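Have a look at the structure below, then the notes.
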Amino acid sequence: MSLINTEVKPFKAQAFQNGKFIEVTEADLKGKWSVVFFYPADFTFVCPTELGDLADNYEEFKKLGVEIYSVSTDTHFTHKAWHDSSEEIKKIQYVMVGDPTWTLAKNFEVLIEADGLADRGTFVIDPEGKIQIIEINAGGIGRDAQELLRKVKAAQYVHAHPGEVCPAKWKEGDATLAPSIDLVGKI
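Everything in the sequence shown is counted per my numbering, starting at 3 for the first residue and increasing by one.
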């Protein structure tokens, strides 16, 4: 069964953000747009490039009313240690969630149980707490925050304009489509 349009399952986790430990639950993902960004592990190779890219684009996400939650199966203590020791990770202002019990990785179906790690999974969640976008990458393939921003804008547009859809490569301001029998076979 696909997780698209399903509600985020209950969870409670410890996180690190801006020099503090905080608790995060599924309730924090409601009432605004959220990105839950799973990555395999702290102190690795591709992961800091992705998280740094997100940090560089975080202000753009915030302008859209989107909060970022990066998640790995490391603890919130490990997130703090990584943040304190890496120039790339030091840029991060968004929430870094620890998932040592694998609750979130299981809930979002990205757990690599044999390794105790998460796949590179990206989930965009609407203000009702429903998953609107899922992207899963193999471990060696990094993601692009600019492409994620484009997808978030498309999801927000479709959410705000029922009856319209965004075609391939849609960018903010581009034409959308209104599906109807009149369009069948004409695109």
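Even glycine gets a Cβ: it sits at the ideal position worked out from N, Cα and C. Please read these numbers as outputs of a predicted model, since none were measured by experiment.
The beta strand (DSSP E) spanning residue i covers which residue range?
i: A107; result: Run containing A107: none in the beta strand (DSSP E); it sits in the alpha helix (DSSP H), 105 to 109.
i: S36; result: 35 to 40
i: I91; result: No beta strand (DSSP E) contains I91, which is instead part of the alpha helix (DSSP H) from 89 to 92.
For the putative contact between residue i and residue j, defined by C-beta atoms under 8 Å, what is the C-beta separation to the nearest angstrom?
i: R152; j: T124; result: With a Cβ gap of about 13 Å, R152 and T124 do not count as contacting.
i: K34; j: G67; result: 5 Å
i: I91; j: T8; result: No, I91 and T8 are not in contact; Cβ-Cβ is about 31 Å, not under 8 Å.
i: A120; j: P42; result: 6 Å
Which partner residues does residue i have in the DSSP bridge list?
i: M98; result: F18, S72
i: A120; result: L113
i: E28; result: Bridge partners of E28: none, in fact.
i: E137; result: T124
i: V10; result: Answer is none; V10 lacks a bridge partner.
i: F23; result: F18
i: V167; result: L179
i: K132; result: E9
Where does residue i land, buried or exposed, given buried means 16+ other C-beta within 10 angstroms?
i: G100; result: buried
i: D128; result: buried
i: S36; result: buried
i: M3; result: exposed
i: T75; result: buried
i: L53; result: buried
i: Q148; result: exposed
i: S182; result: exposed
i: V186; result: exposed
i: H163; result: exposed
i: V112; result: buried
i: D44; result: buried
i: F47; result: exposed
i: P50; result: buried
i: L31; result: buried
i: A180; result: exposed
Where do the N-terminal and C-terminal ends of the alpha helix (DSSP H) with residue i fall, by residue?
i: R152; result: 147 to 162
i: E61; result: 48 to 65
Flag this pair as touching only if the region 172 to 179 and the region 69 to 87 have three or more C-beta atom pairs under 8 Å; answer yes or no. Not touching, per the Cβ criterion.
Inter-stretch contact (C-beta, 8 Å, three-pair minimum) for the region 41 to 60 and the region 4 to 20: Segments in contact, no.
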